[in-house]
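Residue numbers (this note's numbering): 829 to 1157. Here a beta-carbon is modelled for each residue, glycine too, at the ideal position from N, C-alpha and C. Given the structure is predicted, the values throughout are model-derived calculations rather than measurements. Before any comments, here is the structure.
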């Protein structure tokens, strides 16, 4: 999601914390909520975080939705995000996504430690603090590592996720489904189209979009679709590298879906030929990939339209019209 850099904005002050204890049940169970106390962040760092003192707290800039700070301690550094108005559910979804990606042992992500409510309202998340390098890293390595995550992260439940989460600040519905085309049509495109109708009264994009949703089948002929763990919001602001040049991805909107849906933000991700070549060596390209690429971009264009207004409407409308012509729908 282009406009939410500050949702995680892990800048150059990150350092690995491999010695810190692993949070149990990251993958399948909700994170335990912190007890309401005067400062639950400080309490966790000075107990389960194994620190005896906090030496410095410094802000990490760039965000407009959450506040972010580096907590330097004698046990290492922690990255803490807080939101004064939204309860723990948003960070819960982020933590579960980070945890699921972390468990694949593929591409590097910040390890989540704790989510909880703030006593004055709002919520927080504490996670690993990664020291960033000076570039986004090698595109070939990024492509290969991302494909390894997709290959390793599978779900027997089908398409969806254990909790609903957010794409930017838009709710993202992750109700489990055994049918990818139905899941994407209803919970991705359909949800955004209904939002545009409710928010802007845009019956044109809603009605045309619904025609497209009902006509998606031929785009998936001869395609094997497995539920792969997706980052879900992979644009340039959510991609970096650590101090060793290894790729790092962050600020996810995770769910299990068709691996090609991961490229839906490619219009502002900067993926080049080296990235795709390396990716498809691990996850072979499926028939009709090029025909489906814009379909997955459409979800994110619709979300940008709903979040930021009419500047994104024409891109979404153009994609819908092109597919309606292609499919004679």
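Closest Cα partner of residue i within the set the options
| i | options | result |
| --- | --- | --- |
| residue 1129 | 903, 1052, 1109, 1096 | 1096 |
| residue 956 | 1036, 874, 1073, 939 | 939 |
| residue 1110 | 980, 1075, 916 | 980 |
| residue 1094 | 1112, 1069, 1003, 1059 | 1059 |
| residue 999 | 1048, 1017, 986 | 1017 |
| residue 788 | 923, 1151, 936, 1070 | Outside the modelled stretch of the chain, which goes from 829 to 1157, sits residue 788, for which no answer is possible. |
| residue 880 | 1131, 905, 895 | 905 |
| residue 914 | 943, 903, 901 | 943 |
| residue 1067 | 1074, 1073, 1078, 874 | 1078 |
| residue 937 | 907, 962, 911 | 907 |
| residue 1006 | 987, 1057, 995 | 987 |
| residue 1038 | 1055, 1127, 898, 948 | 1127 |
| residue 1054 | 1156, 1086, 1040 | 1086 |
| residue 934 | 1074, 910, 984, 961 | 1074 |
| residue 1019 | 1034, 1008, 1029 | 1034 |
| residue 1145 | 1133, 1155, 985 | 1133 |
| residue 1088 | 1131, 1076, 1071, 1112 | 1112 |
| residue 1057 | 1083, 1065, 1071 | 1083 |
| residue 970 | 1090, 1150, 1131 | 1090 |
| residue 1106 | 893, 1009, 975, 1065 | 975 |
Helix, strand or coil at residue i [DSSP, three-state]
| i | result |
| --- | --- |
| residue 1096 | helix |
| residue 1216 | No statement about residue 1216 is possible, as the shown extent of the chain runs from 829 to 1157 and does not include it. |
| residue 942 | strand |
| residue 1144 | helix |
| residue 1139 | helix |
| residue 962 | coil |
| residue 979 | helix |
| residue 917 | helix |
| residue 875 | coil |
| residue 925 | helix |
| residue 1085 | strand |
| residue 1155 | coil |
| residue 971 | helix |
| residue 986 | coil |
| residue 842 | Confidence at residue 842 is low in this model, with a pLDDT of 32, below 50, so the placement of that residue should be treated as unreliable; the coordinate-derived value is given next. DSSP places residue 842 in coil when its eight states are reduced to three. |
| residue 1116 | coil |
| residue 889 | coil |
| residue 1125 | helix |
| residue 837 | With a pLDDT of only 34 at residue 837, under the threshold of 50, the placement of this residue in the model should not be trusted; the figure read from the coordinates follows. DSSP places residue 837 in coil when its eight states are reduced to three. |
Residue environment, residue i, which counts as buried when at least 16 other CB atoms sit within 10 Å
| i | result |
| --- | --- |
| residue 1099 | buried |
| residue 1013 | buried |
| residue 849 | Low local confidence applies: a pLDDT of 33 at residue 849 is under 50, so the model's placement there is unreliable, with the coordinate-based value given in what follows. Classification of residue 849: exposed, given that the 10 Å Cβ count is below 16. |
| residue 859 | The predicted position of residue 859 is uncertain, since its pLDDT is 47 and thus under 50; no value can be drawn from it. |
| residue 916 | buried |
| residue 951 | buried |
| residue 852 | Residue placement at residue 852 is poorly supported in this model, since its pLDDT is 36, which falls under 50; the coordinates are not used for a value here. |
| residue 1027 | exposed |
| residue 883 | exposed |
| residue 857 | Note that residue 857 scores 43 on pLDDT, short of 50, meaning its location in the model is unreliable; the coordinates nonetheless yield the value given after this. Exposed, by the Cβ-count rule. |
| residue 994 | buried |
| residue 901 | buried |
| residue 1048 | buried |
| residue 888 | buried |
| residue 1061 | buried |
| residue 949 | exposed |
| residue 868 | buried |
| residue 1137 | exposed |
| residue 1153 | exposed |
| residue 1052 | exposed |
| residue 984 | exposed |
Those residues which DSSP pairs with residue i across a bridge
| i | result |
| --- | --- |
| residue 936 | 1076 |
| residue 994 | 999 |
| residue 910 | 895, 952 |
| residue 884 | 900 |
| residue 1070 | 960 |
| residue 905 | 900 |
Neighbour flag for residue i against chain C, beta carbons, 8 Å
| i | result |
| --- | --- |
| residue 1132 | Here there is only one protein chain, and chain C is not present. |
The ligand NAD heavy atom lying under 7 Å from the CB of residue i
| i | result |
| --- | --- |
| residue 960 | Ligands in the displayed structure: none, and consequently the ligand NAD is not present. |
| Which runs of the beta strand (DSSP E), 3 residues or longer, sit entirely within the segment 988-1066? | 993-995, 998-1000, 1056-1058
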